[in-house]
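Below: one structure, written as structure tokens.
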Amino acid sequence: MKYKLEWTYKIKGIDRVVFQSDWLEGELVLQVGEDIEKSGKGFNLIYHDERGTEWSTKEMRKLLAEIEEDPHDLTVYFDGGFNKATHQAGLGAVIYYKQGKKKYRIRANELFDDIDNNNEAEYAAIYFTLNLLEEMDVHHMICEFKGDAQGILMQLKGEWPCYEENLNHWLDRIEAKMKKLSIDGRFTPIPRNENKEADKLASQALDGKVINSKMQVI
């Protein structure tokens, strides 16, 4: 999650002026805020996060210390493959995140039965990623979901209507799970060639090859 710092600056003989920073990473915005406070030239410091919550410098220190040990800065790639002959779906998920001072990647897939079409497979893949996030104890976080199923992502954003009853069922399940975990989802369509990892995992699931791995990345 990124943060924006707002503070008041006063010059002798001039009315107070309010400044705002760009959106910055947590450690950097706190460093800037502490430098401003030490200079004695800025006051009324307020930190805003992307969810609209406001924090003081003291609260930011505590927040970042708590977040440090939890998974954060989450980006999820998903894909759903569909076998029309068997009505099975291969679900693929790749999760990038930070924990402590390190970055990690989780790769996982699953074979899912009783799927009617490829669109339903994509929805099932998103729900699969949410189950993985729940297993990681992710909560009260912003999470970016990336996939090449533009229509599905636009429906999740609420910008396109969804008329199919079975897909609305998946929408309800996804929204309920995100509410339970207090996840603020950001949905970003990407080209298929940028989603190769998740696509491969979905195909491997359909081929009967189960993947579940975690590794540190640079």
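Counting in UniProt numbering, the sequence shown runs from 1 upward without gaps. The beta-carbon is built from N, C-alpha and C at its ideal position, and this holds for glycine as well.
Leu74 and Arg107 have their C-alpha atoms spaced approximately 13 Å apart.
Here the alpha carbon of Glu110 sits roughly 21 Å from the alpha carbon of Glu144. In this chain, the beta strand (DSSP E) harbouring His48 covers Gly42 to Asp49.
For the pair Glu122 and Ile11, the Cα-to-Cα distance works out to about 57 Å. Excluding residues up to 5 positions away in sequence, Leu111 lie with their Cβ nearer than 8 Å to the Cβ of Gly208 in the same chain. Distance from the CA of Met178 to the CA of Gln99, rounded to the nearest whole angstrom, comes to 21 Å. The region 78-93 makes contact with the region 196-208; the number of CB pairs closer than 8 Å reaches 3 or more.
Secondary structure at Asn195: coil, using DSSP grouped into helix, strand and coil.
In the assembly as shown, Phe43 is an exposed residue. Its beta-carbon has fewer than 16 other beta-carbons within 10 Å. About 14 Å separates the beta carbon of Leu156 from that of Glu120, a gap too long to meet the 8 Å contact definition.
Residues of the same chain with a CB within less than 8 Å of the CB of Trp160, apart from the 5 flanking positions on each side, are Gly151 and Met154 in chain order. Bounds of the beta strand (DSSP E) holding Trp7 are Lys2 to Tyr9. In the three-state scheme derived from DSSP, where H, G and I count as helix and E and B as strand, Arg16 is classed as coil. Separation of the CB atoms of Ala205 and Gly90 is rounded to 3 Å, and the pair is thereby assigned contact status at 8 Å.
About 4 Å separates the beta carbons of Thr129 and Ala93, which is inside the 8 Å limit, making them a contact pair.
Put simply, the backbone Cα of Asp49 is about 40 Å away from that of Asp113. About 7 Å separates the CB atoms of Tyr104 and Val217; that is less than 8 Å, so the two are in contact. Beta-bridge pairing by DSSP links Thr53 to no other residue. For Pro71, the number of other beta carbons within 10 angstroms of its own is at least 16, and it is reported as buried. Classified as exposed, Tyr163 has fewer than 16 neighbouring CB atoms from the shown chains inside 10 Å of its CB. Just so you know, the alpha carbons of Ile190 and Glu134 end up roughly 24 Å apart.
The alpha-carbon of His169 is positioned some 11 Å away from that of Tyr127.
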